[in-house]
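For reference, the structure is listed below as structure tokens.
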Amino acid sequence: MLLYSKLQEAVSRSTSKHLLQNLLPATTYDLRVQSYSGGGGCEGEEGVRSTTLGGVPAPPTFFTKVLNQTSIQVYWDLPKPGQVEGFRLRVTRVSPGEGPPGGQGPPGGQGPPGGEALELPAHINTHTLCHLIPGGVYDVDLVAFNGNGESSTNKRLVSLSEPSGTGCDCSRGDRSSLLIGLHSSVACVLCCLLLVLLLQRRRSRGHKADSGTKGDLELSPINSSPPVVVSVQSPEPPTTTCPCRLGDPAPLH
């Protein structure tokens, strides 16, 4: 029985060869031969990898990230299953840095030495290079391979030196302090102006209210009609005049 791509084909026990058809081009397969009987099948031997014709894989697109002065992380996108057998990572130091002259790669088995490739399986998409030389510049190269060969190279230069802006820039600090002080002064001036405007507006409103009240009091007696004065005089009693003189005899009728 042949197992490939999670499929299986049964063959006769007298057969020593078998042709697998309808496979994908430029694809790697893990082939295993397993014998079985009525009582069951054996576990099978270790698989053998084989790649169909069709060319080498495309170069992987990878990225690098400097973790600290001695470590670089490399990560990339995984292709479809079967398109590659694995990856080869090469790291070469192109500048001496601060370390002693000698080997180009990281010591301690954390990465490949200069010129040698670290082989990674097809399901891995990240690797961290440790124990590098501080301040050094490294050439990182990642290729994919299958049974037909390696992909074209794709290199990146990575520097572990500290950027010039990370040091103490006194002039920059002075400029920052000056800008902060200037902004604070402008903010204080604006607050004072706003407070003065509010006070003036409140005072003007108070003066207008007082002047309006006095005007009403002064104009109210002018606009009002004059009071009506009625004078009542008591009538005098009528006076009778008698032409007779006192002592004269009364006239006879």
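Going by full-length UniProt numbering, the first residue of the sequence shown is number 1, and it counts up by one from there. Cβ atoms here follow ideal geometry from the backbone N, Cα and C, with glycine treated the same way. Quantities reported herein were computed from a predicted structural model and do not represent experimental measurements.
The beta-carbon distance between residue 148 and residue 26, rounded to whole angstroms, is 7 angstroms. This is short enough to meet the 8 angstroms contact definition. The shortest C-alpha to C-alpha distance from residue 89 to any of 70, 62, 47 is the one to 62. Annotated three-state conformation of residue 91 is strand, per DSSP. Nearest C-alpha to residue 154 among 179, 197, 144: 144. Contact annotation, residue 24 with residue 82: C-beta distance approximately 7 angstroms; criterion of less than 8 angstroms satisfied.
Here residue 47 is exposed. Its C-beta has fewer than 16 other C-beta atoms within 10 Å. Secondary structure of residue 18 (DSSP, three-state): coil. Taking residue 33 as reference, the option from 22, 51, 12 with the minimal CA-CA separation is 12.
For residue 49, the enclosing beta strand (DSSP E) begins and ends at 48–51. Scanning 60, 68, 54 for the CA closest to the CA of residue 142 turns up 60. Classified as exposed, residue 196 has fewer than 16 neighbouring CB atoms from the shown chains inside 10 Å of its CB.
DSSP places residue 183 in the helix class (H, G or I) of the three-state scheme. Sequence-distant Cβ neighbours of residue 52 in its own chain, meaning closer than 6 angstroms and more than five residues away, are 23, 25, 27.
C-alpha of residue 123 to C-alpha of residue 15: approximately 34 angstroms in a straight line. At a Cβ-Cβ threshold of 9 angstroms, residue 72 and residue 129 count as neighbours.
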